[in-house]
Amino acid sequence: MPSAAAQHDALSRQPAGFDPLPSLSDRLLCPLGTRLYGRQFAALYDYRLRVLRKRVEKRAEAKWGEVDAAERVHTQLRSESQSKLDVDEDEDDIHEDRMEEEEEKDAERDAAKGTGNASASQASTAEGVLAPPKHVKRILDITQGEVCFIIGTIYCAMPLKPDVLEDLGREQWLPPQPLRQKYVDRDRDELFLEDESGRIRLVGEPLKWGHEGKLRNMCVTGIVVAVLGSETRHGDFTAADVMFPCMPSSSGPLAEPKSSKKEDAEDDEDGDVTMKEDDGKDRWLALVSGLDLGPSSTSDTDIVSGSTAKTESEEIPVEKQANGDASASSVPHDVRAQLLTEWLTGEFGEDDDRIQSTNIVGLVVAGNSMAKPIRIDEERKTRKYGAAAAAASTARPTLGLDQFLTDLSASMDVYILPGERDPTSLALPQQPIHFALLPRASRFANCRRVTNPAWFGVGGRRILGTSGQNLDDIFKYAEEEGDDARVLMAARTLDWGHVAPTAPDTL
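Per our numbering, the very first residue in the sequence shown carries number 3; after that it's consecutive.
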């Protein structure tokens with residue numbers, strides 16, 4: 003029987019094929035010669051609307067094309083209108099006598115319009131059954147009082163959002179406003195729907211803060227939706243229901259890869275290589291973010307050092323390094339990164355840990371990998387002990403990250419996404435970190451510098467990942483709090499059909 007040492011020497015990492023998915027990932031690359039800085043936001047939102055319009059229209063017609071749905075919508079709209087009339091009547095009781103005549107005239111005109119709308123409804127019905135609502139292709143073509151659905155892009159008018167014009171108009175000696183954790187203001191926030199022709203304000207009970215359906219938390223700037231309702235006499239659109247694009251139907255190669263081995267991989271319809279591992283073994287993908295490697299190692303940024311996501315199943319076991327207590331936060335980030343490296347490479351832990359590490363086929367570094375630079379006071383003439391060492395380490399802020407990636411790339415695939423504080427472009431999609439900043443790690447083919455967001459394939463599975471700026475920005479548009487809310491918002495991006503809808507407005 004072989005000894006324990008011999009068994010350890012025989013351990014090897016499971017192979018997993020890599021697929022760059024060029025048909026998807028190449029769209030996120032923006033070479034310097036092709037970048038345009040003169041585009042306005044409107045052109046980007048119009049393009050987004052043209053891409054998602056057909057998908058939303060198809061789902062809206064399937065749900066709202068039934069007569070039963072139309073009857074429910076008519077009942078809901080009549081109930082809201084009656085409630086509004088009751089409130090108006092209560093307010094009329096306290097008005098002065100000189101306003102009563104004008105109100106009576108308004109009531110007569112409303113009754114006349116109601117009679118006309120009733121006649122039109124009767125003309126469009128058969129045997130007392132309401133006709134399904136129709137699709138109005140342009141917002142400017144909406145007929146007042148007619149139940150229909152329109153498709154457009156949501157815009158949230160929130161006074162607490164950052165305003166570039168306000169920042170430019172602020173006097174120079176005034177300090178900038180602190181960053182807000184939330185943009186929500188229940189009393190002043192408004193929702194608008196806009197397309198190429200115009201814009202209309204959305205009202206109605208389902209879109210109010212605190213409604214039981216929580217539809218308001220689903221509506222953020224930049225998402226393409228279909229809204230069912232009718233236009234009021236004030237020019238607003240009373241919404242009864244909202245439809246989102248959702249995910250398109252999965253293609254065949256994504257659900258059932260054509261090839262079972264890497265060398266026998268075939269190209270699918272998109273030109274991407276699709277592979278499947280058929281040996282029945284589990285394969286895992288490790289996720290880590292916020293390494294903060296560099297000269298400043300005293301920050302309290304939490305690091306998920308063992309999170310793993312299964313690529314062959316829906317189960318996602320998670321093992322997190324203890325952080326948040328005094329002992330974990332006091333450990334320098336470079337030391338914690340070294341422990342992570344030893345655990346992933348099978349040099350740390352017990353026998354079960356070594357065996358488990360062989361199932362990890364790759365590591366995803368999701369942003370904020372380098373620490374904030376240390377500012378050295380140039381006016382201080384007296385050099386204290388250790389100042390020269392700090393200056394030397396600040397001159398090479400990427401040295402720690404380069405060493406970390408080099409150690410891991412020698413034994414496994416590493417995918418590094420740029421983050422908010424990493425040295426790359428600020429606007430999404432962020433471009434890969436330049437190879438000159440990681441000279442040693444870039445020599446390994448296993449070190450893959452990708453964009454943010456990023457598309458790539460591992461073990462026959464297509465993966466779309468971000469560094470989290472999109473969720474941080476979406477989080478400010480909703481009232482929900484906590485980590486569970488962020489997970490819910492990540493799931494909502496699938497319903498919206500867009501991974502970063504608030505860009506480029508506030509992201």
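For each residue, glycine too, the CB sits at the ideal point set by N, CA and C.
Contact check for Val-366 against Leu-473 fails: the beta carbons are separated by 7 Å or more. A check of alpha carbon separations from Asp-197 across Val-53, Ser-359 and Asp-28 identifies Val-53 as the nearest.
If you ignore the 5 residues before and after Arg-140, its C-beta comes within less than 7 Å of the C-beta of Asp-197 and Ser-199, all in its own chain and listed in chain order. Rounded to the nearest angstrom, the Cβ distance from Thr-408 to Ala-443 is 5 Å, consistent with a contact under 8 Å. Here Asn-219 is not near Asp-284, since their CB atoms are 7 Å or more apart.
C-alpha of Arg-201 to C-alpha of Gly-40: approximately 24 Å in a straight line. Under the 10 Å beta carbon count, Arg-451 is surrounded by 16 or more other beta carbons and is classified as buried. Apart from sequence neighbours up to five positions away, the residues of its chain that approach Ser-411 with a beta-carbon distance below 6 Å are Ala-443, Phe-446, Asn-448 and Cys-449, ordered along the chain. DSSP, reduced to helix, strand and coil, places Val-416 within a strand of the structure shown. The alpha carbon of Pro-33 has as its nearest neighbour, out of Gln-433, Pro-503 and Ala-241, the alpha carbon of Gln-433.
Rounded to the nearest whole angstrom, the C-alpha separation of Gln-16 and Val-416 is 15 Å.
A distance below 7 Å separates the beta carbons of Ile-225 and Ile-156. By the Cβ rule, the segment 176-187 does not count as touching the segment 238-249, because fewer than three pairs are nearer than 8 Å. Here Phe-406 is near Ala-339, since their CB atoms are less than 7 Å apart. DSSP, reduced to helix, strand and coil, places Asn-370 outside both helices and strands of the structure shown, so it counts as coil. Rounded to the nearest whole angstrom, the CA to CA distance from Val-489 to Thr-495 is 10 Å. Pairing Asn-454 with Leu-428 gives a Cβ-Cβ distance that is not under 7 Å. A direct Cα-Cα distance of roughly 16 Å separates Arg-190 from Glu-207. Rounded to whole angstroms, the separation of the alpha carbons of Ala-492 and Gly-499 is 11 Å.
For Arg-37, the closest alpha carbon among the candidates Leu-195, Phe-239, Gly-292 and Leu-430 is that of Leu-430.
At a cut-off of 3 residues, the continuous stretches assigned as beta strand (DSSP E) that sit fully inside the segment 458-509 are 463-467. Under the three-state reduction of DSSP, Glu-59 is assigned to helix. With a threshold of 16 other beta carbon atoms within 10 Å, Thr-145 falls short and is exposed.
Taking C-beta atoms as the reference points, Cys-150 and Pro-161 fail to come closer than 7 Å. The shortest CA-to-CA distance from Ala-64 to any of Val-186, Ala-18, Ala-228 and Pro-441 is the one to Ala-228.
Thr-155: not part of any alpha helix (DSSP H); member of the beta strand (DSSP E) spanning 150-159, first to last residue. Excluding residues up to 5 positions away in sequence, Arg-218 lie with their Cβ nearer than 8 Å to the Cβ of Lys-210 in the same chain. For Asn-454, the three-state secondary structure derived from DSSP is strand. Listed in chain order, the non-local C-beta contacts of Asp-238 below 8 Å within the same chain comprise Ile-202, Arg-203, Leu-204 and Val-205, local neighbours out to five positions each way being set aside.
In the DSSP assignment, Arg-201 is bridged to Glu-196.
By the neighbour-count criterion, in which a residue is buried when 16 or more other Cβ atoms sit within 10 angstroms of its Cβ, Ala-159 is exposed. Cα atoms of Asp-353 and Phe-20: separation of roughly 28 Å, rounded to the nearest angstrom.
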